[in-house]
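In our numbering, the protein residues as written are 7 to 630.
Working notes, structure below.
Structure below.
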């Protein structure tokens, strides 16, 4: 056979060519160079990480004609014979096929004889844990006091099956699983040398499937090259292995985040037509959620190169840590329950629907008890002349909560009046009858599901500026005119707009650029600009939901159009104009700088640092 498989062709012939296992190579190299040689070595680890390869390199290090060293020449007669597998002084034994005590005694009978032509007689026993107890007992005495010309090299995947009496007589080295990064880098070298076309997604797919084994990864590479006709791509590798396309995962999670159940079910239905592995799909979703959680906690700890890197970074800022933990727990429970479902498709759909059903709003940890729970209130068309409470009173009355400040003896209020009372208690106008004026479009108003006072600060506690709405003549507060809605005013009032979830996130990256009024009508049309780089979660429904929030705040009908802008400089905005999210980022940075400056100028801090010879942990400093 003229063709040699990649796993054999690219088997390392020296310690320098080995990928990973630096902790083992360092110990062996130093021992060989210093002449501190042991008579028995035990190499452990999973399949394909280099146990037998290191053992054969060790054999060349011991018997090289140029002397014992960590760098055998590779050209002498002894090195060539070992490489070609014809050295009479290297006895390789497969313990799986020679488990009987008679086989071990036959080997030991020849131990006393000197090597034929090499420096040492080396016994390489692979899968040594397969030997019987009687074989280990027969080996003990020789293993403890071997002749000076004998070296034992053991390799096994199950060291726990070896008797402690044998383990105590060996130098044990555990080989770790290779990381995906190391495997991908080595595959790039191999594919470049073999003139194979590839893309990064294909290499990462092979590395993940190899599960830390370089031999398995190279074997899969041979298969992928044949499958793709000399071209290795991510789609080709996924089709070959039947693994899940990363695009399916990102689209499915995106559908959950934007609360698009129809899109999620469509993705699952399309996946179900491809001989699906739903347990594998759940596992991959768990890994994706885990990567987003890690990105939130330690942004610099991301793995797997740049694969889906932009998606991970963006969703780490869009999904709350509470929801990510809930996603992970729900998926774990779903994986447990999936085998008990009537059929795999039904079970998978229920798992995803569970993600839609259980989502947490970010809580204001400073005042969790004062949470306003309000559901959407549908405002009927004013032309129908029906009271607004007629359609909602029976359904909502049991779910709405009244503030603790309301006396038990107070007269009963309708659900809508209760909502208005709660909102007005927070200093936000709930609007008047002008919202439902003749000829205006009926509004589907959605009230925020998070505490309104929480909106005045971000997750880091950086307060948004409050707009100056005080009336000096009366001492009351008023809402600013909508015609004066500039980017600066938008940043000021954003915290008071009743928005929640993804809509609030999208709106925080918007900047008002234009508004129009239609003659004498009350309705105002506002155009917002949204940078395309922040538009992953945007969909056209957000126009209406943002319009609803603005209509509630300004007490007049508002239409909204959100336009995606690629070139932000074309808007002719002032340098000081910024979106609310950009404002929070700037304020957070400025507050952090002020906190550091304050600590550096504090004499007490300087005294403590000098007394204890301490240094300030800058990363631990947070503004109050």
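Cβ coordinates follow ideal geometry from the N, Cα and C atoms, glycine included.
Item to check | Close-in-space but distant-in-sequence residues of the same chain around residue 255 (CB under 7 Å, 5 per side omitted) | outcome: 290, 291, 294
Checklist entry - Under 8 Å between the Cβ atoms of residue 183 and residue 55? => result yes
Checklist entry - Of the choices 324, 58, 88, 60, whose alpha-carbon is the least far from that of residue 71? => result By alpha-carbon distance to residue 71, the top candidate from 324, 58, 88, 60 is 88.
Checklist entry - Alpha carbon to alpha carbon, what distance is there between residue 145 and residue 52? => result So the alpha carbons of these two residues sit roughly 24 Å apart.
Checklist entry - residue 533 by DSSP, collapsed to three states: which one? => result strand
Checklist entry - Who are the near neighbours of residue 105 in its chain, counting only those whose CB is closer than 7 Å to its CB and skipping five residues on each side? => result 136, 137, 138, 141
Checklist entry - According to the neighbour-count rule (16 or more other Cβ atoms, all chains shown, within 10 Å of its Cβ), is residue 610 buried or exposed? => result exposed
Checklist entry - From this set, 351, 500, 112, which residue's C-alpha is nearest residue 279's C-alpha? => result 351
Checklist entry - Is the CB-CB distance between residue 13 and residue 224 below 8 Å? => result yes
Checklist entry - Cβ of residue 101 less than 8 Å from any chain C Cβ? => result The question asks about chain C, but that chain is absent: this structure has only one protein chain.
Checklist entry - Quick one: what does DSSP say residue 97 is sitting in, helix, strand or coil? => result strand
Item to check | residue 194 to residue 240 span [Cα, whole Å] | outcome: 14 Å
Item to check | 8 Å Cβ cutoff met for residue 230 and residue 218 | outcome: no
Checklist entry - Under the three-state reduction of DSSP, which class applies to residue 466: helix, strand or coil? => result The predicted model places residue 466 with a pLDDT of 42, which falls under 50 and marks its position as unreliable; any figure quoted below should be read in that light. Here residue 466 sits in coil by DSSP.
Next on the checklist: Among the candidates 282, 329, 323, whose CA atom is the shortest distance from the CA of residue 354?
Outcome noted: 282
Item to check | Simplified DSSP state of residue 9, which is helix, strand or coil | outcome: coil
Next on the checklist: Suppose you measure from the CA of residue 147 to the CA of residue 111; what does that come to, to the nearest Å?
Outcome noted: 12 Å
Checklist entry - Three or more C-beta pairs closer than 8 Å, one from the stretch 566–584 and one from the stretch 533–544: is that the case here? => result yes
Next on the checklist: Once DSSP output is grouped into helix, strand and coil, what is the label at residue 131?
Outcome noted: strand
Checklist entry - Is residue 552 closer than 8 Å to residue 517 when the C-beta atoms are compared? => result no
Checklist entry - Using a Cβ-Cβ cut-off of 7 Å (strictly less than) and excluding sequence neighbours within five positions of residue 503, which residues of its own chain qualify? => result The residues 555, 556, 559, in chain order, have a CB closer than 7 Å to that of residue 503 in the same chain once the five nearest residues on each side in sequence are set aside.
Checklist entry - Would you call the CB atoms of residue 257 and residue 273 closer than 8 Å? => result yes
Next on the checklist: Quick check: residue 130 and residue 172, are their CB atoms within less than 8 Å of each other?
Outcome noted: no
Checklist entry - If you check the beta carbons only, do residue 179 and residue 49 fall under 8 Å apart? => result yes
Item to check | Residue nearest to residue 189 in terms of C-alpha spacing, selected from 16, 33, 349 | outcome: 16
Checklist entry - Straight-line CA distance for residue 248 to residue 271? => result In a straight line, the C-alpha of residue 248 is about 21 Å away from that of residue 271.
Checklist entry - Taking residue 208 as the reference, which of 32, 58, 199, 227 has the closest Cα? => result 227
Checklist entry - Run through DSSP, which three-state label would residue 393 get? => result Low confidence applies to residue 393: its pLDDT is 40, below 50, so where it sits in the model is not reliable, and the reading given next is rough at best. DSSP places residue 393 in coil when its eight states are reduced to three.
Checklist entry - For residue 61, which of helix, strand or coil comes out of DSSP? => result helix
Checklist entry - In whole angstroms, what is the alpha-carbon distance linking residue 82 and residue 285? => result 54 Å
Next on the checklist: So if DSSP puts residue 569 in a beta bridge, which residue, or which two residues, is it bridged to?
Outcome noted: Its beta-bridge partners are 535.
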